[in-house]
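Participant: Chains U, Y, E and F, in that order, give the protein sequences.
Here the first sequence stands for residues 1 to 320, numbered as in the working numbering.
Here the second sequence stands for residues 1 to 320, numbered as in the working numbering.
Here the third sequence stands for residues 1 to 320, numbered as in the working numbering.
Here the fourth sequence stands for residues 1 to 320, numbered as in the working numbering.
Where a beta carbon is used, it is the ideal one built from N, C-alpha and C, also for glycine.
Number of protein chains: 4
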Amino acid sequence: MTGTYPSRSTSRCPSDLLSLQELVDGIAVDIAAVMGRGKVADYIPALADVDADQFGMAIHTVDGQFYGTGSSGVGFSIQSISKVLSLTLAIEHHGDDLWNRVSVEPSGDPFNSLVQLEHECGVPRNPLINAGAILVADALLDAHDDPIDALLSLIEQLTGRRPSIDEEVVSSEKATGFRNEAMANLMKSFGNLKHSVADVLDVYFRQCSIVLNCEELAQVFAYLANAGRQPGSEVVVVSPLRARRINALMLTCGTYDRAGEFAFKVGLPAKSGVGGGIAATVPGKLALCAWSPALSASGNSVAATEALRLFAERSLCSVF
Amino acid sequence: MTGTYPSRSTSRCPSDLLSLQELVDGIAVDIAAVMGRGKVADYIPALADVDADQFGMAIHTVDGQFYGTGSSGVGFSIQSISKVLSLTLAIEHHGDDLWNRVSVEPSGDPFNSLVQLEHECGVPRNPLINAGAILVADALLDAHDDPIDALLSLIEQLTGRRPSIDEEVVSSEKATGFRNEAMANLMKSFGNLKHSVADVLDVYFRQCSIVLNCEELAQVFAYLANAGRQPGSEVVVVSPLRARRINALMLTCGTYDRAGEFAFKVGLPAKSGVGGGIAATVPGKLALCAWSPALSASGNSVAATEALRLFAERSLCSVF
Amino acid sequence: MTGTYPSRSTSRCPSDLLSLQELVDGIAVDIAAVMGRGKVADYIPALADVDADQFGMAIHTVDGQFYGTGSSGVGFSIQSISKVLSLTLAIEHHGDDLWNRVSVEPSGDPFNSLVQLEHECGVPRNPLINAGAILVADALLDAHDDPIDALLSLIEQLTGRRPSIDEEVVSSEKATGFRNEAMANLMKSFGNLKHSVADVLDVYFRQCSIVLNCEELAQVFAYLANAGRQPGSEVVVVSPLRARRINALMLTCGTYDRAGEFAFKVGLPAKSGVGGGIAATVPGKLALCAWSPALSASGNSVAATEALRLFAERSLCSVF
Amino acid sequence: MTGTYPSRSTSRCPSDLLSLQELVDGIAVDIAAVMGRGKVADYIPALADVDADQFGMAIHTVDGQFYGTGSSGVGFSIQSISKVLSLTLAIEHHGDDLWNRVSVEPSGDPFNSLVQLEHECGVPRNPLINAGAILVADALLDAHDDPIDALLSLIEQLTGRRPSIDEEVVSSEKATGFRNEAMANLMKSFGNLKHSVADVLDVYFRQCSIVLNCEELAQVFAYLANAGRQPGSEVVVVSPLRARRINALMLTCGTYDRAGEFAFKVGLPAKSGVGGGIAATVPGKLALCAWSPALSASGNSVAATEALRLFAERSLCSVF
């Protein structure tokens, strides 16, 4: 029982057959087949006005190449995609203590369910569902005087441009976010929020209202494909172990209660938002983002999901 | 926005620093720290008699190298690890039709819960929890006159040895498997089982009672690390796409209601059994199996989980 | 079928204004308005064949008067109404020890749900839902060599006629009772059934298949309106306290997950069955039974519920 | 505090054997056996300071007799007992339309659970659990410019004295009522609250903070024992049918998730509050109230529950 370790090549992402630019351009053409399906999020009035008939996609590789297609330069409300970034900041401050207040299991329930939160004494299932992200927002208030400034600074560091916040979306979220109010109060009732519900939700609603485009999001998420370091500068955003763990959370919990199906059909760590964006990583290789506003019943963009599925199928990129 | 696709090397499994043999031998030493924790499954009398103080581990690479340590040659009841093999056979016969009868989402509940099964009209959350595997056993009865013979033949093809079935465990499962009887009857009440409960459970209890050792299990699971082909012979067990999907299911659903934590801490597709074994894959590289009988409350072997965590940490092998 | 209204009027049941015979005859006329609503139980094939267009009603007062209307002499499958009688026998044997194995709370869930049973470790919410009655059947097997004989003897003692069992219904229940099999096995898995699932369900399915008519059921239930004694003979069936408690259970748990609405709209202790019968009591005054096969979604007879509501409204009989 | 037992005896409440004064005095002596069990509500700081070692009880008959014992004249925070009074006012204004927004089924869950509320789209199970009473408070804001003034006026009409509100309890509820905030926001998210969460909770917290003593509460609840009319004045508070229905709701839903057990052991319509009071009715006969601050885990006063059980046992008063 001896032997040598296999040479380090793998066949997990062998798509040299066509260039990535050809690949994304082809997807932009073929995605037309699913455009028109799903519907734009209407529970936040300011989101309901977005034109559903848009699609964009961008890739940023760990060695600094980037590719875009369609409306890859059009900004949109990143919504729940922000949860990965706030988690990144919170982990850096709190370390593993954070996991005493939020679990790392898929929920098996819709993103805004209170059922598990009650059964499990105010401890959210994971940091990528609403309750978990609200908890993370509370944790960020310990770490930063102005958590939103910290988030914007992180994004600026990674993209070179400080993003804007859509104040109309913020107002809209505040005026209609009763479910999030309910979750925050439920966690507060269990003693799992330290700051006031109003302060915590202010952070949460504002982080969701950050506006970015596909190109920027692919660039932002590239640190998760590069062992925690910003490609190019090699500045450390998080440790390699934490980058792996965030990827793991994205895979098991990043696409609401369709995370299993997403892993099954696409096979990449990803985080979706009800603004229609989905950011994903191919660890060791690249980050990518697809966007189209119309959502399936589960809250994931129909066309962005299909675009990522086509990408994985055609590039053979998969963590599996 | 142009560029070339990155060269195909990755850094996802760069552990040339020490040989895999040294790696597993080191784990066998260090695992002593957690031996004694957990307890042997006692709900099946025949399992309760196993000596808890055993540990074994084996690796089988896609290019045919193998490594073993500790009691890697000692046979044990594979229990739920068999679910991956029965799923493999059922997918080959039924194709995607199988997914009309069983979902692909993590359950978020204990492995033997009936709650979701009732709420979701007799459709199990995934094929790797008990209810799902019972459904797969029903599906196998459509595909094979003798599903157990088919399973044993598959294993024989992959290992060169036809395994035995522990008849005492079969009897013990039948005499005490009321929870599984309940699940099968509940699915039957929803019309989701075609065959009689007795016939289906006979298959299920017998597949769980197959006896294999770590070396054999590592060898068996190697097709899932090799795009569906048996290493060496390159015989196709399943298509590459299905191999990826089975790996995805193992990652999101393979370790009961701790799948999220396992992905977070270990980061590899894996399937555990209450016999104390856990089989895992590093897609493109190798399959491995660790075994130790004492279980945590979630039903996963304490020492085998830790062994896989140490393996991932030290080899830097991870899908993330 | 005539008689006079009992002289022991109280403020709770002051319907001297019209005779009880006129009252039930009027209900039989007015019930036509709801005939045709609902549908006959179809999950048991032998029940699905019953003509839906039948209605009967009968009253038996504690001083021995009786009144009937419509098809009050037509026999039907008593189904869950039998649960009150098996409970009566089990309480007499086990006393308060019975309440260690079954609770006395309304379930808030459908009659055949397994969810609470799992959450509450195999202890059914109350003895009048399926799981609870299966538990009671198990308890009866401790008390009687032949629990069915004991039940039939009790009925014979109260009515003067030994009822028959519809063997076709028994076979039908056994062939399709997977949900009940599931519940029994789940309780068995928690150690809350002492006898084999097969033996317990044989008792349960047979008790449900007893055939009685409205007149007999009103006569049978009269002991619960008479402080536990058979009117006339004054033979003690249960103690006064236990009679009160059984009435309480009927009120809070006797009409599946519509017990609250039934108490709200009708205001009498009652037990329904999917054969279309509902037996009820006006404690201190009378017992009554209405029957019509078509059921609402909750499993209660539409016309029998309405008949009892009209009875309570017009007689002003109510426990409230 | 003397009087004679009402002459309108019925078979359901035949306790002429001893006078009601002797009865309550005897209970006050015997209740010592359970004093010291349970603990004072501590989730509202202002309630936690109450001396646990107090007991009072009072009876008010429909013909105007009253009886008291122990600390029957000591005021306490009526808490959830207020839900019966707000429901009475809301029914008068909204009639049966109210039942489109709140159901009439027992919940089977703790009084402050959000689980059913989410599963059932923001429609509370019944008006006597927290969510239901918050809904009723919202409904009262349609009916009255100042719902609290309306409640206080109703009580003043029934007792001759306008009660006070404990402002310290109001502040305490507001500062710690995160669970109620969560429920109100959840209902708001489903569109089942018309007014702002802040306005609704202000009504709810203030109604809970009304201070009354046992004598007053027995007097207040007497209309529910008198077919909806105030004894003496015979002023109609609610119609006879609604009085019966409110009694039905108290019986099936009035003592949190122990309503089944309370019906089983006591057998009277009743409403408890975490201030330690329980008001009950013997329809047609009398209303009564017992109070002692220490609560069981279910939120019902241990000694007040036992006092009512002894009352029912010794007076033979029961609706069953």
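(1) Look at the alpha carbon of residue 198 (chain E) and the alpha carbon of residue 150 (chain E), and state the distance between them as a whole number of angstroms.
(2) Could you tell me if residue 257 (chain E) is buried or exposed, where buried requires 16 or more neighbouring beta carbons within 10 angstroms of its beta carbon?
(3) Taking the Cβ atom as the reference point for each residue, do residue 148 (chain E) and residue 183 (chain E) lie within a distance shorter than 9 Å?
(4) Using the beta-carbon of each residue, which ones in chain Y are nearer than 7 Å to residue 305 (chain U)?
(5) Am I right that residue 372 (chain Y) and residue 320 (chain U) are in contact with their C-beta atoms under 8 Å? What's the rounded C-beta distance?
(6) Whole angstroms is fine: what's the gap from residue 249 (chain Y)'s alpha carbon to residue 79 (chain Y)'s?
(7) Once the 5 residues before and after residue 206 (chain U) are set aside, which same chain residues still bring their CB inside 8 Å of it?
(8) Excluding the five sequence neighbours on either side, which residues of its own chain have a C-beta within less than 7 Å of the C-beta of residue 59 (chain U), listed in chain order?
(9) Taking C-beta pairs closer than 7 Å, name the residues in chain F that residue 264 (chain E) reaches, listed in chain order.
(10) Look up residue 268 (chain Y) in the DSSP assignment and say whether it is helix, strand or coil.
(11) At 8 Å on the CB atoms, spell out the chain F contacts of residue 179 (chain U), in chain order.
(12) Using a Cβ cut-off of 9 Å (strictly closer), state whether residue 169 (chain E) contacts chain Y.
(13) Can you give me the Cβ contacts of residue 201 (chain U) inside the same chain, cut-off strictly under 8 Å, excluding the 5 residues immediately before and after it?
(14) Output, in chain order, the set of chain U residues within a Cβ distance shorter than 8 Å of residue 108 (chain Y).
(15) Looking only at its own chain, which residues have a Cβ that is under 7 Å from the Cβ of residue 91 (chain F), when we skip the five neighbours before and after it?
(16) Taking C-beta to C-beta, are residue 118 (chain E) and residue 158 (chain Y) nearer than 9 Å?
(17) Following the continuous beta strand (DSSP E) through residue 56 (chain F), name the residue where it begins and the one where it ends.
(18) If we ignore side chains and look at the alpha-carbon of each, how far apart do residue 32 (chain E) and residue 295 (chain E) end up?
(19) If you pair each beta-carbon of the segment 297-311 of chain U with each one of the segment 82-91 of chain U, do three or more pairs fall below 8 Å?
(20) Let me confirm a value: residue 300 (chain U) is counted as buried when at least 16 other C-beta atoms fall within 10 Å, else exposed. Which label applies?
(21) Rounded to whole angstroms, what is the Cα-Cα separation between residue 187 (chain E) and residue 123 (chain E)?
(22) Can you confirm whether residue 311 (chain U), when its beta carbon is compared against all beta carbons of chain Y, has any partner nearer than 9 Å?
(23) Mind checking who residue 210 (chain Y) pairs with in its DSSP beta bridge?
(24) Please go through the same chain and pick out, in chain order, the residues whose beta-carbon is closer than 7 Å to the beta-carbon of residue 132 (chain U), but skip the five residues on each side of it.
(25) Taking the straight line between their C-alpha atoms, what separation do you get for residue 255 (chain F) and residue 189 (chain F)?
(26) Under the DSSP definition of a beta bridge, which residues are partnered with residue 289 (chain U)?
(27) Which two residues bound the contiguous alpha helix (DSSP H) that contains residue 178 (chain F)?
(28) What residue range is occupied by the uninterrupted alpha helix (DSSP H) comprising residue 159 (chain Y)?
(29) Which whole-angstrom value is the C-beta distance of residue 283 (chain U) and residue 225 (chain U), which I expect to be below 8 Å?
(30) Leaving out five residues on either side along the sequence, give the residues of the same chain with a beta carbon under 7 Å from the beta carbon of residue 74 (chain E).
(31) Only counting the same chain, and skipping five residues up and downstream in sequence, which positions put a Cβ closer than 6 Å to that of residue 232 (chain E)?
(32) Taking only beta-carbon atoms, is residue 218 (chain U) less than 9 Å away from chain F?
(33) Looking at the C-beta of residue 5 (chain Y), does it have a partner C-beta in chain U at a distance below 9 Å?
(34) Taking 8 Å as the line, does the beta carbon of residue 97 (chain Y) fall inside it for any heavy atom of the ligand PLP?
(35) Please decide whether residue 195 (chain Y) counts as near chain E, where near means a Cβ-Cβ distance under 9 Å.
(36) Can you name the residues of chain U whose CB is closer than 8 Å to the CB of residue 113 (chain F)?
Facilitator: In terms of the structure at hand:
(1) Going by C-alpha positions, residue 198 (chain E) is about 19 Å away from residue 150 (chain E).
(2) It is buried - the Cβ of residue 257 (chain E) has at least 16 other Cβ atoms within 10 Å.
(3) Their beta carbons are not under 9 Å apart, which means residue 148 (chain E) does not touch residue 183 (chain E) by this criterion.
(4) Neighbours of residue 305 (chain U) on chain Y: none; closest Cβ ~14 Å, over 7 Å.
(5) Residue 372 (chain Y) cannot be examined here, being either before or after the span of chain Y that is shown, 1 to 320.
(6) Between residue 249 (chain Y) and residue 79 (chain Y), the C-alpha separation is close to 17 Å.
(7) Excluding sequence positions up to five before and after residue 206 (chain U), its CB lies within less than 8 Å of the CB of 148, 165, 170, all in the same chain and listed in chain order.
(8) Excluding sequence neighbours, residue 59 (chain U) sits near 20, 24, 66, 67, 218, 286, 288.
(9) Within chain F, the C-beta atoms nearer than 7 Å to that of residue 264 (chain E) come from 104, 245, 248, 249, in chain order.
(10) Coil, per DSSP.
(11) Per Cβ cutoff of 8 Å: 185, 186, 189.
(12) Chain Y has no Cβ within less than 9 Å of the Cβ of residue 169 (chain E).
(13) If you ignore the 5 residues before and after residue 201 (chain U), its C-beta comes within less than 8 Å of the C-beta of 134, 137, 174, 177, 180, 181, 184, all in its own chain and listed in chain order.
(14) Residues of chain U passing the Cβ test: 105, 106, 107, 108, 109, 116, 125.
(15) Non-local C-beta neighbours of residue 91 (chain F) in its own chain, meaning closer than 7 Å and more than five positions away in sequence, comprise 98, 238, 242, ordered along the chain.
(16) 9 Å or more divides the Cβ of residue 118 (chain E) from the Cβ of residue 158 (chain Y).
(17) Its beta strand (DSSP E) spans residues 56-61.
(18) Straight-line Cα distance between these residues: approximately 15 Å.
(19) Segments in contact, no.
(20) Buried is the call here.
(21) Cα to Cα, the separation comes out at about 7 Å.
(22) Put simply, the CB of residue 311 (chain U) is far from chain Y, with every gap to its CB atoms at 9 Å or more.
(23) DSSP lists Y:165 as partners of residue 210 (chain Y).
(24) Once the five neighbours on either side are set aside, the close Cβ partners of residue 132 (chain U) are 102, 124, 125, 126.
(25) Here the C-alpha atom of residue 255 (chain F) lies approximately 28 Å from the C-alpha atom of residue 189 (chain F).
(26) In DSSP, residue 289 (chain U) forms a bridge with U:58, U:279.
(27) Going by DSSP, residue 178 (chain F) is part of the alpha helix (DSSP H) stretching over 178-189.
(28) Residues 147-159.
(29) The Cβ separation is near 6 Å, so the contact holds.
(30) Beyond the five residues adjoining it in sequence on each side, residue 74 (chain E) comes within less than 7 Å, by CB distance, of 54, 56, 213 in the same chain, given in chain order.
(31) If the five residues before and after residue 232 (chain E) are omitted, its C-beta is found closer than 6 Å to the C-beta atoms of 64, all from its own chain and listed in chain order.
(32) Under the Cβ distance rule, residue 218 (chain U) does not count among the residues neighbouring chain F, no pair being separated by less than 9 Å.
(33) Per-residue confidence for residue 5 (chain Y) stands at a pLDDT of 40, beneath the threshold of 50, marking its modelled position as unreliable; the derived number appears in the next sentence. Judged by the 9 Å Cβ criterion, residue 5 (chain Y) is in contact with chain U.
(34) With respect to the ligand PLP, the structure shown offers nothing to examine, as it has no ligands at all.
(35) False, the Cβ-Cβ gap to chain E never drops below 9 Å.
(36) Going along chain U in sequence order, the residues near residue 113 (chain F) (Cβ under 8 Å) are 118.
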